[in-house]
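In what follows, a structure is listed as C-alpha cells, so that the remarks can point back to it.
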Amino acid sequence: MRRIERRFTIIQKPDDFIVNDEGLDRLDSISMMLITISENIRRIDRMMGDVLNNRYPEIPWSDVKGIRNILAHDYFNIDPEEIYKICASDLLILKQVLTRMRRDLF
Numbered sequence: 022m023r024r025i026e027r028r029f030t031i032i033q034k035p036d037d038f039i040v041n042d043e044g045l046d047r048l049d050s051i052s053m054m055l056i057t058i059s060e061n062i063r064r065i066d067r068m069m070g071d072v073l074n075n076r077y078p079e080i081p082w083s084d085v086k087g088i089r090n091i092l093a094h095d096y097f098n099i100d101p102e103e104i105y106k107i108c109a110s111d112l113l114i115l116k117q118v119l120t121r122m123r124r125d126l127f
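Under the numbering used here, residues 22 to 127 are what the sequence shown spells out, in order.
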C-alpha cells in the first residue's frame, strides 16, 4: 500500500493517469499493486473462513478480492476514474482495517 500511496501522490484527478506516459506508468504500477493486494486478501480469506466478513464488515471484501480479476483480465480497459477512487478514498480504510487485523490476529 505504501507503494500505491507514494505513486499516487502527484495524481490530482483521474485524467492525470492518462495525460502522458508517466501517468500511464503510474496507472500500470498502481494496478499491479492492487492485483497483489487482492491476491493476498484472497489467501487470507481462504485461510480464515468468514472472519473477514464477520469481524471487519466495514470493508466490501468481495470487491477487494474481485478487483484482481477485473484488472488482470480486462487490463486494456482499466478505468482511470475507478483506480483514482480506490486510491483517493478506499485504500485508507483498507489500510486501517488491515493494521487492526494484524494487531487482532498476530
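Glycine is no exception: its CB is placed at the ideal position from the N, C-alpha and C atoms.
The count of Cβ pairs closer than 8 Å, one atom from the segment 79 to 86 and one from the segment 36 to 50, stays below three, leaving the stretches out of contact. In the same chain as glycine 87, and ignoring 5 residues on each side of it, the C-beta atoms closer than 8 Å to its own belong to Ser59, in chain order.
From the listed residues Leu73, Glu103, Ala109 and Cys108, the smallest Cα separation to methionine 122 is found for Leu73.
Assignment of glycine 70 by DSSP, reduced to helix, strand and coil, places it in the coil class. For phenylalanine 127, the secondary structure class from DSSP, reduced to helix, strand or coil, is coil.
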